[in-house]
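Visitor: Below you will find the structure I want to go over with you.
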Amino acid sequence: MSKKLKLVSGIVSNVSAVLLGVCFAGNIMINDNAGNINRMLNIKTMDYIQADDDQNVKDSMYWKSDYKSISELQNAIHDTIAEVVSEGSVLLKNERNALPLSAKAKVSLFSVSSANMVYSGGGSSSAADRNGFTSVGKGTTVDLKSAMEEEGFTVNDGLWNFYKDNVEKYRVWQTSNTRANGATYYVNEAPWGVLPDSKTDKAEAAIFVIGRFGTEATDLYINTPKTQYNLTNGNYLELSPDEKDVLTNLKKQKEAGVFSKIIVLMNTATPVQCDFADDAAYGIDSLMWVGLPGSTGTKGIAKILSGKVNPSGSAGDTFWKKHLYNPLYANWGATSFAANANGMPGNANSRTYVVYQEGIYNGYRYTETRYEDYVLNTANVGEYDYSKAVSYPFGYGISYSTFEYSDFMVKYNAVKDEYTISVTVKNTGSVAGKEPVQIYLQKPYTEYDKKNHIEKSAVDLVGVAKTGILQPNKSEVVEIVVDGYQLASYDAYNAKTYIIDEGDYYFTAATDSHNAVNNVLEAKSKSKDITRSRMVGTGDADLTVKVNRTFDREKYSKSVTGATVTNQFDNVDLNIYKTSSNNSVEYISRSNWAGTAKMGFDESYNKLDNVVKVSADDEMIADAQPKVPTADSVAYPTYEAQNGLNLADLIGVEYDDAGNIVKSEVVDFNDELWDKLLDQLSWDDTVLIVANGFHHTMPIPSINKPGTIDHNGSLGPMESYDYTSNSAENRYAFYMDDPNASTASAQYPNAGLLATTLNSDLVLKLAKLKGEQCLWGGYTGVYGPGANMHRGAYGGRAFEYYSEDGFLAGFALTQECIGIQSKGAYVYMKHAVLNDQEMNREGLCTFANEQTIREIYLKPLEMAIVDGDAFGVMTGFNRLGVVWTGAQGFANTVLRNEFGMRGFNVSDYWQKAYMTVTASVLGGGDLPDGDDNGGRTSTNGATELAKYREGYGAFAQEMRKVAHRVLYSVAWSNAMNGMSSNTRVVYYTPFYKPLMNGLIISSAILLAISVATCVVLNLKEKH
Amino acid sequence: MKFWKNLLKERTSILFVGCAIAVLSVVAAMIYAFGFGANNPQYFNAAAVALPIVGFVAYVVLVLFKPTANYAAVVLWVCTFAAFLIYAVASYMHLAEVFYSGINPETLKLLDKGFVVCMAMYLVAAIAANVVMWLKVVRKEVVA
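Pasting the structure below:
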């Protein structure tokens, strides 16, 4: 008996021990993924209890929709996407008026990307279905053939079917993945020899689509040695050998009379190098950049091809003839520190760096400035062949019509400090169309600048607008207001603030950046010798106005908020941030082009060793450690006061006679009511807010704050309208009981396509629809829009960002933020700041000078916050200098103090190896994009913050400030729909949590009993 | 010398199986510490490295002495099983990350070999230690 009992108790103890271990580990995993599990099982975790149901809900709809149903909204979104693509696509070349095509023309679509277009990018910010070729709303994606047929074209079926049938074998494939450097880019174009016989069917046009992908976490290949990816020179943004093969054969067919035109569509976020465009080997008649068109953008493309829409896009990037002529690539990617970086917190990525050695000379600021200096033959300009470097300049774009500019005028309003610029635009062609108008400014490059290392671009874009549809021979006077602040430059080394230089400033209206420089050169030629033989193209001095200014270092030393503007990035500039390694950088300077602008690659894209060398040292490693607060005797905030306030009480509401809301406004941020509400929070409430932010903010029952969904992505909301239906009671789809709540999101075009429209109304229109989608789908915060820059063309996430130009990016970003926030969803513009590449982004140390940071990379954020009241940012994975962005402090010193940002920030995901909640609180980073419940995204916030429960009053006050910003933003937002003074927020515990706890306890008891039995029997046996 | 001779005489071959398991779990821990875990600190937990080492040392020490020899495998199992669970909890998100785009030949290529090897070795060690725990390591005394 005892033997049997011993055996049984042994087996039971073994089984229960295994069960205990598995349950214990499983419980951690379940808690980590509770959100996903709740969503999968449709488990509700939070609810609002209304005191007086219907009446209460009716009276607390602060944010209302302009649409009656999801289907109505979706139709509007799809129509607007097509409109954006039709206005944003940039016609670059149109020989012999090859476009538009004849009505009902027969066309043959060539290339794998014609049948399998790149509709968007990959990663967490795209609504792609994770392979990028079709959207989440698969039923709504319109392919190029369908769009062409809708416009009356006949498409070659044989070719189309071939590409469709062979999609697994031939396509521009990548692995859309968020794993560091984990994606693969290659171009498996079907060579001419394998195409079916229908390739030589007679048609008016052969349309060849060049498709290129991009995704989060992996930059495009610029010189990968992996030749198996079918890339010429290992360069993803160059035509592949098979693409060249097809284009060469198309030319032969054109000569044989099979086609009369060869049209190339560039289906990319950033430009493929354009050395092929005028190559006689290919005989290309028309070239058009169409971006990544989203769900229905192909309709816009087809309308341009048919001539129903006259193209009016304006290039948002320089279209290089060869990217290797861009000196920026000498310092692109990630380089290991020369020495002593092993103690840098984080993984191997943290021991690498990138230096923005080009300074402000990104894109056209390099090509056009060096061009002007070459024409003016300034000292040390070196040899420079503009035509060899640039195919189509920034701002370029042609139309089916022609336009003429005249009556250029500039008026200064000293009171408002504004320049009102007007120009008359006349349609001199025979087709109606819109004209994008660009205003550029040239600032003087003075001896003061040279002495104090201030750089000046030959021209800066400072204003954009678009005419209405102009009929032939009709004119429109376009007025653009330029803020006087745009004339200022940042002086990081002497005045340490913005200055106005003494000298002549030139405003000009131009068709592109190159034309702008030529206009200025013509104006200058009246008083100065220029080397005309070096000019490429012509200019018009009548389209310039010269303004003279005297030196001023006071006027812009105060920001719009009244804060003093001074250096905040000294630890990011290796010429100021001095440690024992004594690193330094020779930034590209127009005073010495030949000596400072060095290339990154030779003609075959072999890497040249022109990278800036940086050594790490103990001081840098010490600076890189997450900050911790120091003990003090500062008083702690009041906790758990009984003031009887709910978050909804902080909304001021006006009703009409029928009891409907006519106006609602959140109580001013500095109102004392906020203090009373904050006093009600407990320490634990504050920790709950501060330590949790993974795609949400936490519900706080003590003040009846609802939880929120704050989620991807940067192009627009990417989930269905009932996404995580258990945790967003505010969604409109539920109020309206819409039967299409499970409808998938639309896929929006890449950000660049919005910028290239130069049409603020249109950008705003699409952004409002994104805001509507947030409202209907229960998104309170959007992790977007993208606010990084096209620093070169190879950024994996360039599809999320607008342009190489800070002003153009800011123009589009501002409208996007206004539109999205118009429906009560706050934005997290991402990723602030200098997170312009994917290579080693998780910990990469980024270095740049303050002028560059402020004038180029912070510019979009500044414009969106100041002009668009954008609420918040997502900080970058990267470091500013050696300090993680979320802890560097610029969120407080610059975004809040100088720009006036009033919302809160979130980190980019959570890497506990170098991010801490404490450092984030101290540095203005606010919330983690992680949760306080274990697993990879664990913040360990409660444990970390518990150390500061006593004796760290100043830190506790900082925690309260974070809570204040979060509560203020949520009170302002659509999360409050349905919430009134009488609404209570309640939590539900999902059934599996007590179940798991029960299993753990029972298996532990079972284990204890069986082990005890074993021991007792053993003892008995011995006796 | 006599001690070792007696030891080999008094122990069954399970002693060597147990030693092999202890070595296997330490090798897994080393691969984790210097390979997969070092390259991916977000998936690293030092306890999953320390426990196999503790298990190895404890097993070797306990198995030497007759009164404790039969408990050596129990301790080894506790350590290897706990190490396996801690490793699983620390690193399972790698699977979610890799198969974010779905499970297909392309994403399978992204699976870290170090992760797979560690997972397999930890698991085999835990299961084998459990089996060994039930087997006698001390030879029954033969009465002449």
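These protein sequence lines are chains A and B, in that order.
Be aware that the first sequence starts at 1, since it is given in the numbering used here, and climbs by one per residue.
Be aware that the second sequence starts at 1, since it is given in the numbering used here, and climbs by one per residue.
We put the beta carbon where it would ideally sit given N, CA and C, even for glycine.
So Cys118 (chain B) is in the alpha helix (DSSP H); what residue range does that whole segment cover?
Guide: Taken as a continuous stretch (DSSP letters only), the alpha helix (DSSP H) holding Cys118 (chain B) covers Lys113 to Met133.
Visitor: Determine the closest residue to Ala891 (chain A) out of A:Ser920, A:Ile30, A:Thr511 and A:Lys164, with distance taken between C-alpha atoms.
Guide: A:Ser920
Visitor: Tell me whether Pro393 (chain A) is buried or exposed, calling it buried when 16 or more other Cβ atoms sit within 10 Å of its Cβ.
Guide: With 16 or more Cβ atoms within 10 Å of its Cβ, Pro393 (chain A) is classed as buried.
Visitor: In terms of DSSP beta bridges, what is Cys817 (chain A) paired with?
Guide: Paired residues: none, contrary to the question.
Visitor: Is Ala848 (chain A) closer than 8 Å to Tyr412 (chain A) when the C-beta atoms are compared?
Guide: no
Visitor: Looking at chain A, is there any beta carbon in it that lies within less than 8 Å of the beta carbon of Phe34 (chain B)?
Guide: So no, Phe34 (chain B) is outside the interface.
Visitor: Quick check on this structure: which residue in A:Ser86, A:Gly484, A:Ser533 and A:Gly792 has the alpha carbon closest to the alpha carbon of Gln273 (chain A)?
Guide: A:Gly792
Visitor: In chain order, which continuous runs of the alpha helix (DSSP H) of length 4 or greater are located wholly inside the segment 749-790 of chain A?
Guide: 751-755 and 760-777
Visitor: How about Ile360 (chain A) and Ile856 (chain A): are their beta carbons less than 8 Å apart?
Guide: yes
Visitor: By Cβ distance below 6 Å, which residues in the same chain neighbour Gly824 (chain A) in space, the five residues on each side in sequence not counted?
Guide: Trp63, Ser973 and Asn974
Visitor: Just to confirm the assignment: which complete alpha helix (DSSP H) runs, minimum length 4, are found wholly within the segment 646-730 of chain A?
Guide: 672-680 and 683-691
Visitor: Considering only their Cβ atoms, is the gap separating Glu368 (chain A) from Val459 (chain A) smaller than 8 Å?
Guide: yes
Visitor: Can you name the start and end residues of the beta strand (DSSP E) that Asn413 (chain A) belongs to?
Guide: Judged by DSSP secondary structure, Asn413 (chain A) falls within the beta strand (DSSP E) whose first and last residues are Phe403 to Asn413.
Visitor: The beta strand (DSSP E) spanning Cys274 (chain A) covers which residue range?
Guide: In the DSSP assignment, Cys274 (chain A) falls outside any beta strand (DSSP E) and carries neither an H nor an E.
Visitor: Tell me which same chain residues have a C-beta within less than 6 Å of the C-beta of Thr428 (chain A), skipping the five on either side of it?
Guide: Thr402 and Glu404
Visitor: Leaving aside the five residues before and after Lys138 (chain A) along the sequence, list all residues of the same chain whose C-beta is less than 6 Å from its C-beta, in chain order.
Guide: The predicted position of Lys138 (chain A) is uncertain, since its pLDDT is 49 and thus under 50; a value taken from the coordinates is nonetheless stated next. Excluding sequence neighbours, Lys138 (chain A) sits near nothing in its chain.
Visitor: Give every residue of the same chain whose Cβ lies closer than 6 Å to the Cβ of Glu816 (chain A), excluding the five residues on either side of it in the sequence, and list them in chain order.
Guide: Only residues of its own chain outside the window of five on either side were considered, and among them Ala767 and Pro785 have a CB closer than 6 Å to the CB of Glu816 (chain A), listed in chain order.
Visitor: Write down the C-beta distance between Trp289 (chain A) and Leu144 (chain A) rounded to the nearest angstrom, noting that I regard them as a contact closer than 8 Å.
Guide: Actually they do not touch by this definition, with Cβ atoms about 15 Å apart.
Visitor: If contact is defined by three or more beta carbon pairs under 8 Å, each pair taking one atom from either stretch, is the segment 710-723 of chain A in contact with the segment 956-966 of chain A?
Guide: no
Visitor: Can you check whether the C-beta of Ile28 (chain A) is within less than 8 Å of a C-beta belonging to chain B?
Guide: yes
Visitor: Rounded to whole angstroms, how far is the Cβ of Tyr400 (chain A) from the Cβ of Gly307 (chain A), which I believe are closer than 8 Å?
Guide: 7 Å between Cβ atoms; contact.
Visitor: From the DSSP output, which residues share a beta bridge with Glu418 (chain A)?
Guide: A:Asn413 and A:Asp483
Visitor: Any idea which residues DSSP pairs Ala832 (chain A) with across the strands?
Guide: Within the DSSP secondary-structure output, Ala832 (chain A) pairs in a beta bridge with A:Thr875.
Visitor: Is the segment 755-763 of chain A in contact with the segment 802-818 of chain A, if contact means three or more CB pairs nearer than 8 Å?
Guide: Below 8 Å, enough C-beta pairs join the segment 755-763 of chain A and the segment 802-818 of chain A to call them touching: three or more.
Visitor: According to DSSP, simplified to helix, strand and coil, what is Asn1018 (chain A)?
Guide: Here DSSP, grouped into helix, strand and coil, assigns Asn1018 (chain A) to helix.
Visitor: Within 10 angstroms of the Cβ of Gly291 (chain A), are there 16 or more other Cβ atoms? Answer buried if so, exposed if not.
Guide: buried
Visitor: Hey, Ala203 (chain A) and Phe162 (chain A): beta-carbon distance below 8 Å or not?
Guide: no
Visitor: Between the segment 734-742 of chain A and the segment 656-675 of chain A, do three or more beta carbon pairs fall short of 8 Å?
Guide: no
Visitor: Quick one: which residues of the segment 84-97 of chain B get their C-beta closer than 7 Å to a C-beta of chain A? List them in chain order.
Guide: Leu85, Ala88, Val89, Tyr92, Met93 and Glu97
Visitor: Taking the continuous beta strand (DSSP E) assigned at Gly923 (chain A), which residues delimit it?
Guide: Here Gly923 (chain A) belongs to no beta strand (DSSP E); instead the alpha helix (DSSP H) covers Val917 to Gly923.
Visitor: Give a yes or no on whether the minimum CB-CB distance between Leu211 (chain B) and chain A is below 8 Å.
Guide: Summary: the structure shown does not reach residue 211 (chain B), with chain B confined to residues 1 through 144, and so no result is reported for it.
Visitor: Let me see if you follow: with CB-CB separation under 8 Å, is Gln625 (chain A) close to chain B or not?
Guide: no
Visitor: Hey, Tyr448 (chain A) and Asp501 (chain A): beta-carbon distance below 8 Å or not?
Guide: In contact: Tyr448 (chain A) and Asp501 (chain A) (Cβ atoms closer than 8 Å).
Visitor: So what's Leu99 (chain A) in DSSP terms, helix, strand or just coil?
Guide: coil
Visitor: Give the DSSP-derived three-state secondary structure of Leu999 (chain A) in the structure shown.
Guide: Helix.
Visitor: Could you spell out where the beta strand (DSSP E) holding Phe991 (chain A) opens and where it closes?
Guide: For Phe991 (chain A), there is no enclosing beta strand (DSSP E), as DSSP gives it neither H nor E.
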